[in-house]
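The structure appears right after this line, and notes come after that.
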Amino acid sequence: MNLLSSALLVAALALSGAASSAQPAPGSAAAGTGTPEPKVQQTVVEDDGARIDELKVRGHTQRIVVSPKRGGAAPYEIITGDGSRDLGDGANTTRGAAGKRVWNVLKF
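Note that this note's numbering numbers the sequence shown so that position 57 is 59, with each residue one more than the last.
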């Protein structure tokens, strides 16, 4: 009986050791199977007259903000035709506005 319990104990320890070594480390499984983060690039071009902030995600321009330095003018955004806005035909769309400047009037 003592020999049988010793054999069971050895088998149980061997199985528990194999099970614990088969489990990946926490965090490594999520990093390996998850989708990669998109490439985000923020470019700032500045001269004596203005500062231009450009935001690109996956190589596509998402936002361009121009901040004039002279004359006290308010910063404005240049609308890009990147799919982030509805550029379809209709009364409440921004078709034809791509490349035009817009100002933020109200901030919430």
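C-beta atoms are modelled at their ideal positions from N, C-alpha and C, and glycine is treated no differently.
DSSP bridge partner residues for D55 (one or two, in chain order): Taking the sequence shown and counting its residues from 1, one reaches residue 55 at position 53. Partner(s): V46 and V67.
Candidates K109, Q43 and E48: closest to S69 by CA position: For the purposes of this step, residue 69 is taken as the residue at position 67 of the sequence shown. When only C-alpha atoms are compared, the closest one is E48.
Top-ranked residue by Cα proximity to G83, from L108, R103, D55 and I54: Along the sequence shown, one-based indexing puts residue 83 at 81. Closest by alpha carbon: R103.
Residue nearest to Y78 in terms of C-alpha spacing, selected from V59, G61 and V107: Taking the first residue of the sequence shown as position 1, residue 78 is located at position 76. For the residues V59, G61 and V107, the minimum Cα distance to Y78 belongs to V107.
Own chain partners of Q44 with C-beta closer than 8 Å, once the 5 adjacent residues on each side are dropped: Translated into the one-based positions of the sequence shown, residue 44 becomes position 42. Closer than 8 Å at the Cβ level, and outside the excluded window around Q44, lie D55, E56, L57 and K58.
Endpoints, beta strand (DSSP E) assigned at I80: Along the sequence shown, one-based indexing puts residue 80 at 78. Residues Y78 to I80.
As assigned by DSSP and simplified to three states, the class of R60: Position 58 of the sequence shown, counting from 1, holds the residue named residue 60. In the structure shown, R60 sits in coil (DSSP, three-state: anything other than H, G, I, E or B).
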